[in-house]
Amino acid sequence: MSYVDEVLARVKEKNASEPEFLQAVDEVLNSLRPVIEANEEMYKKQALLERICEPERQIKFRVPWVDDNGQVQVNTGYRVQFNSAIGPYKGGIRLHPSVNIGIIKFLGFEQIFKNSLTGLPIGGGKGGSDFDPKGKSDNEIMRFCQSFMTELCRHIGADTDVPAGDIGTGAREIGYMFGQYKRIRNLYEGVLTGKGLTFGGSLARTEATGYGLLYLTNEMLKTNGIELAGKTVCVSGAGNVAIYATQKAQQLGAKVVTVSDSTGWIYDAEGIDVELLREVKEVKRARLDAYAAARPSAVYHDKKAEGSNVWETKCDIALPCATQNELGIEDAKKLVANGVIAVAEGANMPTTLEATEYFQKNGVLFAPGKAANAGGVATSALEMSQNSERLSWSFEEVDTKLQGIMVNIFRNLDAAAKKYGFEGNYVVGANIAGFEKVATAMLAQGVV
Ligand code: NDP
Ligand code: 2IT
C-alpha cells in the first residue's frame, strides 16, 4: 500500500463520523500523490501527512446566552487551530445550525492550503457554532457573540489566531465580538478581520471574496483564450460572496441571471439588480421572494415546492457561492448538457467529488474554492498588515493588491499542474502549490 493510501485509510478510520472532513482530505491527499511519490520514504518517516491531517489544537466550549424572553439558551462553540507552520491561525467563524466538529475541521483543513496559496504569512484555522442567527433580534445576536467571545478570547490574539466572518458572521457579529475581546483582554489589536471601517477594518474586505473570485475566473478564462464579457453566469447563494461576485461579474461585462438562498432562487432574465439584492439581503435581512416582488423581470422558485435549483439554468459560467456540496452529479450533468464552459467555487467545497470529476472529464474549466475564494482571506491578511502598522490603505490600493494576488494564485497553480504533468487540472495544481510551502515550513521546524 502506498503511503498516501495508508494515511487515507487511517484518517478514515479515525474520523469516521466526519464525512465533510473526509471528503476534503480525500481530495487533497489524492491530488498530492505525484509530490509524495517523488519522495515517499522521507515524507513517511517524517509522518508529514499524518501531521497535516491532525489539527494542532481543537477547542470546544459551551456558549450560554439569554434570549429576549429571559430563557437561557445553550450552543456549542468551536475553534480548530489546524496548522501554524507559515503564520498565525487564520480563518472564519461560521454560525449555522448545521455546524459540528467535522464541518469546522473540513473548513480548517481547506484553509491551510488556501492561506498558503495567497502567498501571505497565515496558517489555517476555523471556528463556529451551531447557533442560528436567523430570526434573532440584534440584542440576542449581541448576547450570543459576547458569550462566544468570553471563552474564545483566551485562545486567540493578533499573533496567535485571527478569526473573521463566514456563513452567518458578517460585520455586525465581528463588531460585537471585537468589542467583547477588547473589553476582556484590554488589548486594542487586530484580533479579528472584517471589522468596521471606524475601528481597524480594511476597505474592500467586504467585497474581496466575490471580487477575487471574478479576478481568478477572468485569469483562468484568459489563459484559455476565452473572454468573460458577454457571458451568462449562474450564481448560487445571496450572501456576502454571492453579492460581490455578482457585482464584479457585471462590472466585467457578464450577465448574472440567478441567485439563491436556503429557501428559494431567482431567475432574472434582465440580469440581477445588485442594489436591490443588497437592500433585500444586507439591509432588510429578508428572503429572496422580496426581490422578486420588487422586480418584474424576476421569477422566484421555491426550492422545496419545485425540487429545483439554479443549476438547471442555461449558462456559460457557474459560480457556486452558498455552501458545501450544493452542486452534485445531477446538477453537473445538467450544466454540461447546457454547455457550461467554466465553474469556479466561491463557497468552500460546494461541488461534490463526483461532480468535480464529471466537469473535468467533460472539458469544463474548474477552479477549486481554495484558490478561487482565497481573495477574502488574502484581504484579511492585508487588514492584519494595516492594523500592525496602524495605517489604512485606500480602496484602490487594496483592490489592486487583491487583483495581483488572485492572478498570482492562478499562475502558481497552473504552473504546479503543468510541472507534475496535469496541465489544466487546477484542483491538482492548487493542492500541490498550497501544500509545497506548508510542507517545507513544517519540515524545517522539526517535529512539532
Ligand atoms: P453568508 O452567510 O453571507 O451567505 C450564505 C448564503 O448561502 C446565504 O444566501 C444562505 O442562505 C446560503 N446558504 C447557507 N447555508 C446554506 C444551506 N445549508 N443550504 C442552502 N443555502 C445555504 O455567507 P458567505 O457568503 O460569507 O459564505 C458563503 C460561502 O463562501 C461559504 O461556503 C463560506 O465558507 C465561503 N467563503 C466565505 C468567505 C467570506 O469572506 N465570507 C471567504 C471564502 C469562502 P440564507 O440567506 O437562506 O441563509
Ligand atoms: O473561508 C474563508 O476563507 C473565510 N471565511 C474568510 C477567512 C478570513 O480569515 O478572512
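Note that the working numbering has the sequence shown beginning at 42, numbered continuously upward. Positions of the beta carbon are idealized from the N, C-alpha and C atoms, including for glycine.
Counterpart residues of Lys101 in DSSP-defined beta bridges: Tyr119
Can you list, in chain order, the residues of its chain whose CB lies under 7 Å from that of Thr397, leaving out five sequence neighbours each side? Phe407 and Val468
Pull the bridge partners of Thr392 from the DSSP assignment, please. Leu368
When the Cβ atoms of the stretch 160–170 are set against those of the stretch 112–122, are three or more pairs found closer than 8 Å? yes
Are Ala388 and Glu367 touching if we call contact CB-CB under 9 Å? yes
Nearest chain C C-beta to Ala286 closer than 9 Å, yes or no? As a matter of chain content, chain C is missing from the structure shown, which is built from one protein chain.
Does any heavy atom of ligand 1 sit closer than 8 Å to the C-beta of Thr304? yes
Per the DSSP calculation, Trp352 is bridged to which residue(s)? Trp352 is not bridged to any residue.
Assuming Thr287 and Leu318 are in contact, meaning their beta carbons sit under 8 Å apart, how far apart are those beta carbons, in whole angstroms? 7 Å
If you reduce the DSSP assignment to three classes, tell me which class Ala339 lands in. strand
For Phe147, count neighbouring Cβ atoms within 10 angstroms of its own Cβ and tell me buried if that reaches 16, exposed if not. buried
Status (buried if at least 16 other CB within 10 Å, exposed otherwise) for Tyr229: exposed
Report yes if the C-beta distance between Phe172 and Val104 is below 9 Å; otherwise report no. yes
Does the count of Cβ pairs from the stretch 294–308 and the stretch 350–357 closer than 8 Å reach three? yes
Range covered by the beta strand (DSSP E) that runs through Ser301: Lys296 to Ser301
Roughly how far, in whole angstroms, is the beta-carbon of Ser243 from the beta-carbon of Ala279, given that I think they are within contact range, below 8 Å? Actually they do not touch by this definition, with Cβ atoms about 24 Å apart.
Ala456: beta carbon under 8 Å from a heavy atom of ligand 1? no
Check whether Gly160 and Gly128 have beta carbons under 9 Å apart: no
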